[in-house]
Amino acid sequence: MELTQVLARMRELMALPGNDFGWSSWNDAAEALAEFDALAAEVEAGGRPAGMRLLFLPTGPLQELSISSGWGNEYLHLAARFDEAFQAE
């Protein structure tokens, strides 16, 4: 399933040591991963939580985290895949 692959890769990036959460709405990795994991569990159960889409919005917390942490280009690629997969599944 494409969507779960995208979410798994995004989680890997979010958990990288040295990520800078200063520009995101999260205080640290633990807080970010807890929110992400809860939404990902809903997706895996067949849901489509609005909160998951909000995380991937331009200037949303994932983009802010990716830019400040040095993986902005990969974020853009994953965000495009997420949009396609989220709508298709």
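The sequence shown maps to residues 54 to 142 in the numbering used here. Even glycine gets a Cβ: it sits at the ideal position worked out from N, Cα and C. Note that the structure is predicted; figures quoted are calculated from it, not measured.
Item                                                                                       : Value
Same chain, Cβ closer than 8 Å to V59, five either side skipped, listed in chain order     : L131, R134, F135, A138
Where P114 falls: helix, strand or coil (DSSP)                                             : helix
Own chain residues within Cβ distance below 8 Å of W124, not counting five before or after : L66, L69
Nearest-angstrom Cα separation, counted from A85 out to E127                               : 18 Å
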